[in-house]
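Below is one structure, written out as structure tokens; comments come after it.
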Amino acid sequence: MSSGRKLVIVESPTKARKIQGYLGDDFEVESSVGHIRDLPQPSELPADMKKGPFGKFAVNVDEGFEPYYEVYADKKKKVAELKRALKNADELYLATDEDREGEAIAWHLLEELKPKVPVHRMVFHEITREAIERALENTRDLDEHLVDAQETRRILDRLYGYEVSPVLWRKVRQGLSAGRVQSVATRLVVERERERMAFVAAEYWDVSGTFSLADTSAEDADKSFDARLVQLGGARVASGRDFDDRGQLKPAAARDGARQLDEQTASLVVGGLEGADFAVRSLETKPYTRRPAAPFTTSTLQQEAGRKLRFSSRQTMRTAQALYENGYITYMRTDSPSLSAEATDAARRQAAELYGPEFVPGSPRVYASKAKGAQEAHEAIRPAGDSFRTPAQVAREISGDQFKLYELVWKRTVASQMADAKGSTASVRLAAPVAGSEAEVAGQDAVFAASGTVISFRGFLAAYEEGTDDGADAADGTPGKSGRRRNDEDARLPQMGEGDLLGGRDLTADGHSTSAPPRYTEASLIKALEERGIGRPSTFASTISTIQDRGYVLPRGQALVPSWLAFAVIRLLEEHFEWLIDYDFTAEMEADLDAIAAGDKDRVAWLTRFYFGDGTGREEGEGLRQLVDDLGEIDARDINSVQIGEGIQLRVGRYGPYVEDLSVEVKEGENPPRASVPDDLAPDELTVDKARELLAAGADDGRVLGTDPGSGNPIVARAGRYGPYVTEQLPEPKFDEGLSAAALKKAKAALPKPRTASLLKDMSLDTVTLEDALRLLSLPRVVGTDPETGVEITAQNGRYGPYLKKGTDSRTLPSEEAMFTVTLEEALELYKQPKRGRGATATPPLRELGDDPTSGKPIVVKDGRFGAYVTDGETNRTLPRDLTPESITPEKAIELLAEKRAAGPAKKKAPARKAPAKKPAAKKAPAKKATAEKK
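Just add 189 to the spot in the sequence shown (first one is 1) and you have the numbering used here.
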């Protein structure tokens, strides 16, 4: 063993390379590349353990919830490398992240490496030379309580998922999943859609106009302003906020005597005010002060990046991870908005330098955490270092998403230590009597109101203004305003006083309808989860990704729309697992995990209460196992049905949602009229009228286009779930009446299937001809044979558009017409090009990195279904978590492709057998003794 050699282990290769540059030759910095082991799937347990106490969950629930861990198959080589590096070291520094996950990674490394040298826990929340040097001087022991909290959370999620998900498989659909946070997040989205479905719009009218001083010699005679009718005949005029979701005046508004104007009344007011002289009834001016927002936490960063940059939560966290690991920002998983003294000084110093000393308040601003727990890092997300680099100073080092996010973090941090914005807000009321002979309004005072704010000192607004979720999405998912100034800011009113006369013009009566509650966006859903204390900063992005990947929630623009599948899942959970998806209970679980992390609660006692109950036998004391055991009968048909109205119900079927009309009488054994529901139809858009429209289209047998001269079968054009299509009608088959039910089913399955083809984008059911249909039904078309491989190349149409197919290799065609015209030479040329992502024919690569030395083909970075990846057209490799399209180098891309080629095709993972002696991996006490500092 070499003298004085020190091994430092972090999670990511990028982090390792960055830290290695700050340490001397006595240090070797290695990466574990994330977690090295986890609970295996029960099917992957060693054979002798599958029937034992670990067989159901890979957790022995009867013996202190002891987990059984296995090293990931693809991490065994990495663990072996770390063990070899440890043999040459005199000391081990575990420098994983300082949250629960990082602490758990450090513990798992100890369990597997079994070091015989002094071990130090090294923590930091930014990767700068100063921070790393401070961390080396202030190491600590491993925090057992944090490890306990992470392990409890992992076991809790395993118990929850493995007990509840099988119920969904049996009653809703195979392959579904339930989760402690994902199910609650899905419930929020479903409940909002239910509100939209039950929503009844209220119709109301108001009057607005433009006003200016009647005295043309006045100083502000040329200034005009807009005002709205707020009072008529002493009664307040109702506005949108006065109505409930059933279209009625709220009780408070009714008690106040709010008056709901209709079109006739509003029009009478406009006519009665024509040429009227208005007088100022009141004028009030108040000082205006606006304070800056606190520095970013994980949650607020995801929300603001969603509003201002249109980033998904996953995209935000991926980009923030890269910025942190490359030393640009502090640790990105935190629920604290506080800044260190050094960071506060840096922000104040930079604000004074860039904007002037008057933009910095006399004393530093202090921000306190409002989070219920203290699980994460202890400081806000901010630029790294004791002095901040401006966006201009890093512009040549980072680009794209990383630059945008760094600029956002920098602006927010600097603005948080700047002075308040100052100004004044003026509110004016002006009135005139309504003329005319109509008793309903004649002689009544019409009072209009307006307000305006003038900013006299911009303060922090010179650097940054926080976005809002006001009107975050419309029903169609169109994003509303985001990050814009408030409506009345900088809307200055003219100088006037009480009694001054004004003239009115452009008086108009406007009709309005109240809007349904807006759908959640990723930003507003994260905000809702955080406000309820559900989940943690490190889980929000993965939770939202999971509910989308599972098909429970679908994005429509910025809005999140629940699927009908989500309705069925949430209904089952609400009716049979009520307390498991209760918002308060889920928040209490988070608080309990925080208490375990703080050492205030015992992990085993808590898991025992959750799974086995409190032993009292009372309903409120039941545990998860008893809840599952006592489920009773669940009517799957009822769970998967949603009543639309007038005898029409929606069903969630095996092949998707459909509507059926139960009001129609049918013969015994026959199904009622049914029709598939298009995937792009949101639940709140499925009204009774829309359902009848779908049923009518579904009942239409289609338009006969003619007869196929080749087969003699009729060709029909129809509307289907996935759009319009053409198909051939095969003769009605005849079966032997003596066949058994099983034999009849087998005979029907063996029948030839009719040819079908979707219409092209420029075709419609009304205009498609027999010639068009026969052309479509001729697909797939054989283009020719690849002379090098002898494999046939075909042109065909698919769900995602036209493409070429050669064995398992496909290429997107530039147009639908190309399916009928592409030649073999053109097809071979397409196959010479790097493979493009689905539908990406016209989309350029994210980056070009030169030619690959092995294949000789150009390497590009592409954006794929599972994230960014590098490819040379033959070999694809997804970018590791620590790399982004902007940060990857040509050398690293070549290395990744070489590794992928060397690994060969992915093989089915066989369960790794572990020696029984290693089973009690959860007994942490002995291993943790090694974490004590050895001087």
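Every residue, glycine too, gets a C-beta built ideally from N, C-alpha and C.
Continuous beta strand (DSSP E) stretch holding residue i: start and end
i     : result
Q420  : S413 to L421
Y595  : From DSSP, Y595 is part of no beta strand (DSSP E) but of the alpha helix (DSSP H) over G589 to A604.
R435  : Taken as a continuous stretch (DSSP letters only), R435 belongs to no beta strand (DSSP E), as it is neither H nor E.
A468  : D466 to R479
K1089 : Segment P1079 to A1092 is the alpha helix (DSSP H) holding K1089; no beta strand (DSSP E) there.
K646  : Note on residue identity: the sequence assigns Phe, not Lys, to residue 646. Per DSSP, F646 belongs to the beta strand (DSSP E) from D634 to F646.
V617  : A610 to P622
R176  : In this structure the chain extends from 190 to 1124, so residue 176 is not present and cannot be described.
T1001 : D998 to T1001
R1036 : R1036 to D1040
Backbone secondary structure at residue i - three-state DSSP
i     : result
K513  : The residue you asked about is not Lys; residue 513 is Tyr in the sequence shown. Reduced to three states, the DSSP call for Y513 is helix.
T983  : strand
G461  : helix
P440  : helix
I208  : helix
R826  : helix
K1103 : Any reading at K1103 must be qualified, since the residue scores a pLDDT of 41, below 50, and its modelled position is unreliable; no value is offered.
D534  : helix
F216  : strand
Q832  : strand
S704  : coil
G241  : coil
G193  : coil
G545  : coil
E586  : coil
S852  : coil
A663  : With a pLDDT of 41 at A663, under the threshold of 50, the modelled position of this residue cannot be trusted; read the value that follows with caution. Reduced to three states, the DSSP call for A663 is coil.
A888  : helix
P231  : helix
Bounding residues of the alpha helix (DSSP H) (the contiguous stretch that carries residue i)
i    : result
F400 : First-last for F400: E392 to L402, but that is the beta strand (DSSP E), not the alpha helix (DSSP H).
P683 : Segment: none, P683 is in no alpha helix (DSSP H) and carries neither H nor E.
H224 : No alpha helix (DSSP H) holds H224; DSSP gives it neither H nor E.
K272 : K265 to K276
V841 : Segment I837 to G842 is the beta strand (DSSP E) holding V841; no alpha helix (DSSP H) there.
R385 : Q371 to A387
S713 : E711 to E720
A938 : A930 to A938
Assumed close pair residue i, residue j - CB separation to whole angstroms, cut-off 8 Å
i     : j    : result
P526  : S558 : 6 Å
V459  : V396 : 6 Å
F1135 : R814 : Examination of residue 1135 is not possible in this model, given that the chain is present from 190 through 1124 alone.
Q985  : L968 : 5 Å
F414  : G693 : Not confirmed; about 11 Å, so no contact.
V603  : A540 : 5 Å
L954  : P991 : Contact flag wrong, Cβ pair sits at about 20 Å.
V598  : L462 : The pair is not a contact, with the Cβ atoms about 52 Å apart (cut-off 8 Å).
E340  : A293 : 7 Å
V356  : L820 : 7 Å
Classification of residue i by the beta-carbon crowding that lies within 10 angstroms, buried from 16 upward
i     : result
L928  : exposed
F1009 : exposed
G996  : exposed
K1098 : Residue confidence is low: K1098 scores 44 on pLDDT, short of 50, so the model does not pin down where it sits. No coordinate-derived value is stated.
D873  : buried
R673  : The pLDDT assigned to R673 is 39, lower than 50, so where the model puts this residue is not dependable; a value taken from the coordinates is nonetheless given after this. R673 comes out exposed.
Q582  : exposed
Q564  : Model confidence at Q564 stands at a pLDDT of 43, short of 50, so the residue's coordinates are unreliable; what they give is reported in the following sentence. Q564 should be labelled buried.
T978  : exposed
K1107 : Confidence at K1107 is low in this model, with a pLDDT of 38, below 50, so the placement of that residue is unreliable and no value is reported for it.
A786  : buried
Strand pairing of residue i, partner residues [DSSP]
i     : result
Y1125 : This structure cannot speak to residue 1125, because the chain is shown only from 190 to 1124.
L283  : I198 and R310
Y1058 : K1051 and T1067
P751  : V742
R329  : R310
L490  : Looking at the DSSP assignment, L490 forms no beta bridge with any residue, so it has no partner.
K994  : T983 and S999
Residue i at chain D interface by Cβ criterion, 9 Å
i    : result
D975 : Any reference to chain D falls outside this structure, which holds one protein chain only.
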